[in-house]
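Residue numbers (my numbering): 16 to 813.
Yeah, the Cβ is synthetic: ideal placement off N, Cα and C, and Gly gets one too.
If you're wondering where the values come from, they're calculated on a predicted model, not measured in any experiment.
Right, one structure below, let's go through it.
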């Protein structure tokens, strides 16, 4: 926000140097980004009146003018064509300096002495955009009442200091000269004044007889104020107004448009002026747009709008995009004779969405986005009408129309001086606190429930007690707050059980040579084809992002397998051959599409193995090691078919009654999709179920008093019989004496019949209360052998 100090002084008395002013305002919360000194290079240029204009005797394109500068009349040679006797003009005298530091001296032009130069707007550092065409190409013509001999810098206020403020989003009230003046007055304890608005309302008509206002979208428009001005005279704005707009970074257009911009900068309330004669049915309707509806905006572009766009319309057509930009159909032109002034309050988030959607951001939309006090709408409209009357640009009709469905009341907030001092670490008297708040126009009242601070409606950022404490702290002075060490109760943080289990899982995998990886949760829809997922697979029910970076990251993952295959492929392409990876992350499983509630974030663990010296059993071993670490016992590996795995080298892992995942060798077709030429083994497990079955309890048993009795048992069975089923059968038939059974050999070869395999187990027997005899052990072996023969047609290997 650019704020000229000369304009600031209209509302607050300040005499501080710009550097001190900036420093103090920054310390009180109004951060200054920079200071610009304007017009300092302009020197010795005064106002003169042209007495006569004569042709140059030796040059067709030059004239000799005699200019009265108050104390004397001087002769100047110029090529200007837009001057005549009686014009007041800026005159650069001998030894003067114009914008850019160029020196002007007495010289001769075609033999005629010229004691100076007549200046254009550009040579004075003025933006000539709002001036008549002849002044843009020639000399700046000043008003008739411009005083002779007066320094042009004083007359046009060319020498000024402009402070650039960084206005934070929570302080939209400071996006105005008045808002900054209010902060300045509070900081320096100066008088803050807002001049009273006096309207003559010279027209005899009443606006209520000529305009009808209707708000259809009350949720998007809190208030709409309209005033009507007739007998409009469109002309350039006075130079003082053009100069103020210029120093604030706004170009001059014409007097009516400049007045709306002037009031917006002064009060922070955007205004818009419609050519009333172009409003069909004398009606203003604030409504939502219609599908595929179009409007040509003031910048000449055709904009397509939708049902979420708020429009200002008449009975037949849109007149403008509310809060963003007006329409070309109702634009103010040189032929405009009657103007409708709009001062409205629109819902900020909707204005922001519309502005972003259309790629169209304006000074108005920027203010509406941050939120504006609806209670200043009428005051801003009246101020604009006052300026129109002062400039003689039109006659204001009597009365106004004010539709105000969303009235805003001041907020009551607890005011507790003791708590304020406790938080700030200060000892500020209550009267001083109240004085600080009063300077900010926050009143303090005593009620039956204690003292209350009443925040004005323009301070939308003050909503709770902490905000009142902040206001007092910044105005008291952060640099005055005592230096204290923070106090509080120190608590010892600790990990939850699940966090401890995850750390144990990571330790086990790292100790076994696996490296942890982190991959994106956003994946491409193509990965489901890459892993051979069928079209009806639940994995394809993925959440689509509204604003993805690209197709490669356009959905939320429902499985971790594609990510780990991508990492293995990447490393193999970089000549890394021995790969062991794991990732712990979330898969996002929607309960319903399209989304109506947040998805289930299923925590999962994926383990990947690609090493010529290792196979499926190494992957199985590390999973079993994890289960032992977490003291999980009721699990089982069962042979299973899975679209992503080899047809005969895949197992589903069952924990209790739950299938928690799959492990196995990746299907060669899938490996080809990832350009992998080696065998890859992957497991993906549901970590949520695993953690819910994990136990932190350690069971201790006394050392056995009696020795074990070991036996080896080798049997021949059909090659399709699963070893796990055989182990379970051994445990079922052995009785309580069997302590442990372990597989130590599987053999298929010449000595074994085709279609069969030999499997050998080590069996350990022990009794808690005695030393077992050979007869007892042999009896158990016989039971086991008979049960295996009955169940699997097994025979002892000879």
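I need the straight-line Cα distance from residue i to residue j, nearest angstrom please.
i	j	result
residue 233	residue 604	38 Å
residue 575	residue 534	9 Å
residue 696	residue 363	54 Å
residue 148	residue 178	32 Å
residue 260	residue 567	48 Å
residue 120	residue 94	17 Å
residue 470	residue 156	49 Å
DSSP three-state label for residue i, please.
i	result
residue 253	coil
residue 119	strand
residue 621	strand
residue 413	strand
residue 363	helix
residue 4	This structure cannot settle anything about residue 4, because the visible part of the chain is limited to 16 through 813.
residue 128	strand
residue 245	strand
residue 70	strand
residue 144	helix
residue 371	helix
residue 490	helix
residue 263	coil
Check for me: the alpha helix (DSSP H) holding residue i runs from which residue to which?
i	result
residue 760	From DSSP, residue 760 is part of no alpha helix (DSSP H) but of the beta strand (DSSP E) over 753-762.
residue 809	Run containing residue 809: none; DSSP gives neither H nor E here.
residue 516	512-526
residue 740	738-749
residue 716	From DSSP, residue 716 is part of no alpha helix (DSSP H); its letter is neither H nor E.
residue 53	It is not in any alpha helix (DSSP H) - residue 53 instead sits in the beta strand (DSSP E) that spans 47-53.
What are the boundary residues of the beta strand (DSSP E) that includes residue i?
i	result
residue 112	103-112
residue 564	Looking at the DSSP string, residue 564 is not in any beta strand (DSSP E), and its letter there is neither H nor E.
residue 726	724-733
residue 830	Any answer about residue 830 is impossible in this case: the structure gives the chain only from 16 up to 813.
residue 637	Looking at the DSSP string, residue 637 is not in any beta strand (DSSP E); the run it does join, the alpha helix (DSSP H), is 631-644.
residue 177	175-180
residue 215	Residue 215 -> no beta strand (DSSP E), and no H or E assigned at all.
residue 296	Unbroken run through residue 296: none, as it is neither H nor E.
residue 535	No beta strand (DSSP E) holds residue 535; DSSP gives it neither H nor E.
residue 660	660-670
residue 429	426-429
residue 601	594-604
residue 311	309-311
residue 674	673-681
residue 461	458-462
residue 92	88-93
Report the residue from the options whose alpha carbon sits nearest the alpha carbon of residue i.
i	options	result
residue 499	472, 729, 215 and 438	438
residue 101	417, 678 and 67	67
residue 245	213, 51, 765 and 292	292
residue 359	376, 449, 568 and 228	228
residue 277	299, 298, 254 and 296	254
residue 807	714, 207, 314 and 731	731
residue 591	161, 625 and 613	625
residue 115	663, 355 and 55	55
residue 484	431, 475, 693 and 155	431
residue 692	159, 389, 588 and 421	588
residue 765	773, 713 and 758	773
residue 409	768, 455 and 248	248
residue 196	19, 642, 126 and 414	19
residue 402	672, 775, 212 and 58	212
residue 594	527, 571, 640 and 564	527
residue 198	170, 489 and 49	489
residue 811	530, 775, 376 and 779	775
residue 70	505, 441 and 124	124
residue 660	217, 153 and 676	676
residue 175	209, 734, 258 and 142	258
So residue i and residue j are in contact, right, with Cβ under 8 Å, and what is the actual spacing, rounded?
i	j	result
residue 777	residue 725	7 Å
residue 202	residue 43	4 Å
residue 478	residue 468	Contact flag wrong, Cβ pair sits at about 11 Å.
residue 173	residue 139	6 Å
residue 161	residue 103	4 Å
residue 646	residue 710	4 Å
residue 251	residue 270	7 Å
residue 217	residue 82	In fact, because the Cβ distance is near 39 Å, the residues do not count as touching under 8 Å.
So that I know if they touch, is there some Cβ in chain E lying closer than 8 Å to that of residue i?
i	result
residue 531	The structure shown contains no chain E; it is built from a single protein chain.
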